[in-house]
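Residue numbers (this note's numbering): -15 to 358.
All C-beta atoms, glycine included, are put in the ideal place defined by N, C-alpha and C.
Remember, predicted model here, so these are calculated numbers, not experimental data.
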C-alpha cells in the first residue's frame, strides 16, 4: 500500500504540533532569506576609508566594501599589499585609492584624510583596522616595542577617529567602525601590549560615543569585537615564544569579520557587535572563570612547531613594502577556519531570532501537552 502524506507523521501528531513545526521552519527560513538578501551586492556611492587595508582583516573589509560598489581608500604602510588590495577592490566592482600611511603618525593620517576627500568626495565610513603586536612575556618586550604597538594599534585608532570626525561632524553624518577584539574585554598572556591597546580602544570609543550622543550628532561610532582569525599576522608578527604563534581556536576566516564590519557601518548602534560565538564565550569565561584563560593561554597561542631562530616581522617596517611581497587576507590556518558564523547572523537579526525562539517554545509546549494527554 502506498503511504499517504499523513503517514509521515507519528500517529499522535496533531494539527497544533504540525503548525508549531511549520512556524519554526518558517522563522528559520526567514533568517536564511534575510541573510541572503543582506549579502547580495548592492551598489553604493559611499566613500569608505579602511586602515590596515594591505593585508588580513583590513584587506577583506576593503574587498567587501568594493563588492558593495563603494569608493574605497586603502591606508597602510605596505605598497605591494596596497596595490594588490586596490586591484581586488576594483575587480569586485568598487573604486580604489591607494594612500601609503603610517597610522602612528597623526600628521600623515590627517593628510591622508584630506587626500581622500579631494579624490573621492566626503568620507561616509571610516574603518580602523590597522594594528601590530608582539608575542612575548611582558618582561621580554622592550619599552620601544611596547610603545610602537600602542602607537599603531591604539593611537592609530585615535588618529583615524579624529580625522574622520573632523569631517563628519560638520555634515552631521557618517560612521566610524573600530575593529576590536574579544580580548579587548578579556585577556590572555603573551600579548600585553596588544591587549592593552584593545582595552583602550573600548574605553576611548565609549567616551567619544557619549559625547556624540550628548551633541545629538548624526555621526555614529561603534566597535566590532572579533574572534581569532586566519590572517597573515601569525607569520609576520614579532615573536619571542619558543614555538610558532597561532590564533586561539576556534578560528574564522577574515571574510566573516569583513561582513560584520560592513553590516556595522550600515547599522551602527550603541555598544558593539560581537562576531562569532567564541567572542561572547571568551567574554563570559573571563567574567565567570578567569583562571581558565590563565591556565590555557600559553598553549593555546602556540603551535607544536619550534620557532624560527630569526624570523622577519612587521613591527617597524612592512613586509609587503617595495622589497617584500603581497601577503593577502589569509594566513596558514585555513584548514581549521570557519567561513561563516551562525551566531553572528542571529545576533544581527534579533527580531527574526526572537520569532524563531518563540516558534521553538510553542512547539515544545504543544509537544509537552500532547505527551501528557497520551
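Within a Cβ cutoff of 6 Å, which residues of the same chain sit near residue 284, ignoring the five residues on either side of it in sequence? Excluding sequence positions up to five before and after residue 284, its CB lies within less than 6 Å of the CB of 232, all in the same chain and listed in chain order.
Could you give the uninterrupted runs of the beta strand (DSSP E) lying entirely in the segment 146 to 176, keeping only those of 3 residues or more? Taking 3 residues as the minimum length, the beta strand (DSSP E) runs contained wholly in the segment 146 to 176 are 158 to 165, in order along the chain.
At what residues does the beta strand (DSSP E) containing residue 288 begin and finish? Taken as a continuous stretch (DSSP letters only), the beta strand (DSSP E) holding residue 288 covers 286 to 290.
Test item: CB-CB of residue 139 and residue 222 under 8 Å: Annotated as distal: residue 139 and residue 222, with beta-carbon spacing of 8 Å or more.
Distance, residue 250 Cα to residue 386 Cα: Summary: the structure shown does not reach residue 386, with the chain confined to residues -15 through 358, and so no result is reported for it.
Have a look at the DSSP bridge pairing and note the partners of residue 55. Answer is 31, 79, bridged to residue 55.
Is the beta carbon of residue 41 sitting closer than 8 Å to the one on residue 241? Result yes, Cβ atoms of residue 41 and residue 241 sit closer than 8 Å.
Using alpha carbons as the reference points, say which of 73, 63, 37 lies closest to residue 51. Closest option to residue 51, judged by alpha-carbon separation, among 73, 63, 37: 73.
The beta strand (DSSP E) with residue 247 in it runs from where to where? Residue 247 -> not in any beta strand (DSSP E); alpha helix (DSSP H) instead, spanning 238 to 250.
Quick one: give me the first and last residue of the beta strand (DSSP E) that residue 211 is part of. Here residue 211 belongs to no beta strand (DSSP E), and DSSP marks it neither H nor E.
Through-space distance from residue 290 to residue 282, alpha-carbon basis: Straight through space, the alpha carbons of residue 290 and residue 282 are spaced by roughly 14 Å.
Check residue 116 in the structure and name its three-state DSSP category. Here DSSP, grouped into helix, strand and coil, assigns residue 116 to coil.
Do the segment 125 to 143 and the segment 207 to 215 touch if we need at least three Cβ pairs shorter than 8 Å? Between the segment 125 to 143 and the segment 207 to 215, the count of C-beta pairs closer than 8 Å stays below three; the two stretches do not touch.
Skipping 5 residues on each side, what residues in its chain have a beta carbon closer than 6 Å to that of residue 143? The answer, listed in chain order, is 90, 93.
Under the three-state reduction of DSSP, which class applies to residue 126: helix, strand or coil? Looking at residue 126 - three-state DSSP - the assignment turns out to be coil, as it is neither helix nor strand.
Residue 301, buried or exposed, once every other Cβ within 10 Å from all chains shown has been counted against 16: So residue 301 ends up on the exposed side.
Name, in chain order, the residues that DSSP records as bridge partners for residue 223. In DSSP, residue 223 forms a bridge with 119.
Tell me where the alpha helix (DSSP H) around residue 200 begins and ends. From DSSP, residue 200 is part of no alpha helix (DSSP H); its letter is neither H nor E.
Which of the three DSSP states is assigned to residue 68 in this structure? In the structure shown, residue 68 sits in a helix (DSSP, three-state: H, G or I).
Going by DSSP, which residues form a beta bridge with residue 229? Answer is 286, bridged to residue 229.
Express the C-alpha separation of residue 55 and residue 103 in angstroms, rounding to a whole number. Their backbone Cα atoms lie some 10 Å apart in a straight line.
Let's see if you can read the secondary structure: which residues bound the beta strand (DSSP E) around residue 258? Start and end: 256 to 258.
Give me the Cα-Cα distance between residue 187 and residue 44, rounded to the nearest whole angstrom. Looking at the two C-alpha atoms, the distance is approximately 26 Å.
Residues in its own chain within less than 6 Å of residue 65 by CB, not counting five upstream and five downstream? Cβ within range, chain order: 38, 39, 304, 310.
Mind checking residue 163: buried by the 16 CB within 10 Å criterion, or exposed? Buried: at least 16 other Cβ atoms inside 10 Å.
Tell me whether residue 90 sits in a helix, a strand or coil according to DSSP, three-state version. Of the three classes helix, strand and coil, the one that applies to residue 90 here is helix, per DSSP.
Beta bridge counterpart(s) of residue 133 as assigned by DSSP: DSSP output for residue 133 lists no bridge partner at all.
Is residue 133 near residue 96, with beta carbons less than 8 Å apart? In terms of Cβ geometry, residue 133 and residue 96 do not form a close pair [threshold 8 Å].
Taking the beta carbon of residue 157 as the centre, do at least 16 other beta carbons fall within 10 Å, making it buried, or is it exposed? Label assigned to residue 157: exposed.
When the Cα of residue 193 is compared with those of 175, 172, 253, which residue comes out closest? Closest option to residue 193, Cα to Cα, is 253.
Going by Cα to Cα distance, which pick from 243, 175, 209 is closest to residue 185? Of the listed residues, the one whose Cα sits closest to residue 185 is 209.
Could you tell me the distance, in whole angstroms, from the CA atom of residue 159 to the CA atom of residue 153? When rounded, the distance between both Cα atoms is 10 Å.
Would you mind giving the Cβ-Cβ distance between residue 83 and residue 57, rounded to the nearest angstrom? I have them listed as a contact below 8 Å. Confirmed, about 6 Å.
If the criterion is Cβ atoms closer than 8 Å, does the pair residue 360 and residue 36 meet it? Only positions -15 to 358 of the chain appear in the structure, and residue 360 is not among them; the question remains open.
Would you identify the three-state DSSP class for residue 295, choosing helix, strand or coil? In the structure shown, residue 295 sits in coil (DSSP, three-state: anything other than H, G, I, E or B).
When the Cα atoms are used, what is the spatial distance from residue 244 to residue 33? Rounded to the nearest whole angstrom, the CA to CA distance from residue 244 to residue 33 is 16 Å.
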